[in-house]
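Engineer: Numbering (the working numbering), first residue to last: 34 to 288.
Note that CB positions come from ideal geometry on N, CA and C, so glycine has one too.
Pasting a structure here, questions to come.
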Amino acid sequence: MNKATRKAVIAGNWKMNMTPSQAKETVEKTAALVKGKDGCDIVLCVPFVDIASAVEAAKGTNIKIGAQNVHFAESGAYTGEISASMLLETGVEYVIIGHSERRQYFGETDETVNQRTKAALTAGLTVILCVGEVLEERQSNITNEILSMQTKLALAGISTEDMKKVIIAYEPVWAIGTGLTATPQQADEACGLIRSVLADLYDETTAQSTTIQYGGSMNDGNAAELLAKVHVDGGLIGGASLVPEKFDAIVTAAQ
Ligand code: 13P
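As structure tokens, then:
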């Protein structure tokens, strides 16, 4: 298996944007634009309170709905949290785990990323697992070590079989929401490094069949050259996913 046989996944991460009515409207508009563009899987990861209206609006379209986080416990005294089985019952198929904003602002650690990943996979969700270095780490030439460590810790105890439901998103923290984008070569090198870590952890087949996305200021202007790279199998898109026309242009670039 190689890039030609791995299906690209274009996923939007709306972050903390859109009320439920805005979500309905945006999913409907996006669905009309991406209709028939089946050369990639298309996902919109929405705030928890938008899930019901987004799932309803996405019915019968080629858009799947994801969440942006999940708790690792099945149920219990965790005020404000949401479990994997709750997500599953609302119609969510994907969940982002370990986004750098969760790591930076909400105390997410490699260990809790691993626990959340296990809980999501046990429930049957597909995980979009985020890894990425901060600027100082890139400048200190330790990007590979950071990506390798984050990937290994996140996937500790996760079976080869479960890897069929894991997508990895390489998101250099310095490129998120900054307008700075990794060059296609930087993105390709980092995604390739993650693929080699998967080969070490699992086997070459798993490494070659895992979808690895790039995320960080991907937009309608730069998507085509990023997606053309051998190891870049899609995108995790923040700001541009809020604008249906821009998101559609990225989906089109992935066909
Ligand atoms: P931006 O596309 O807004 O830079 O966000 C990327 C991101 O964090 C997606 O998860």
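(1) Residue 280: buried (16+ other C-beta within 10 angstroms of its C-beta) or exposed?
(2) Looking at the secondary structure, which residues open and close the alpha helix (DSSP H) in which residue 74 lies?
(3) Ignoring anything shorter than 4 residues, give me the alpha helix (DSSP H) runs that lie fully in the segment 82-160, in order along the chain.
(4) For residue 177, which of helix, strand or coil comes out of DSSP?
(5) Please name the residue in 119, 258, 98, 185 whose C-alpha comes closest to that of residue 108.
(6) Cα-Cα, which of 180, 50, 169 is closest to residue 3?
(7) Going by beta carbon distance, what residues of the same chain come within less than 6 Å of residue 163, once the five residues before and after it are set aside?
(8) Taking its Cβ as the centre, do 16 or more other Cβ atoms sit within 10 Å of residue 134, making it buried, or is it exposed?
(9) Distance check for residue 93 and residue 114, CA to CA, integer angstroms please.
(10) Return the CA-CA distance between residue 181 and residue 246, expressed in angstroms with no decimal places.
(11) Going by beta carbon distance, what residues of the same chain come within less than 8 Å of residue 68, once the five residues before and after it are set aside?
(12) Say yes only if the C-beta of residue 273 is nearer than 7 Å to one or more non-hydrogen atoms of the ligand 13P, and no if none qualify.
Structural biologist: Working from what's here:
(1) buried
(2) Taken as a continuous stretch (DSSP letters only), residue 74 belongs to no alpha helix (DSSP H), being part of the beta strand (DSSP E) at 73-78.
(3) 84-91, 117-123, 133-138, 143-156
(4) helix
(5) 119
(6) Examination of residue 3 is not possible in this model, given that the chain is present from 34 through 288 alone.
(7) 131, 132, 202, 204
(8) buried
(9) 29 Å
(10) 16 Å
(11) 94, 95
(12) yes
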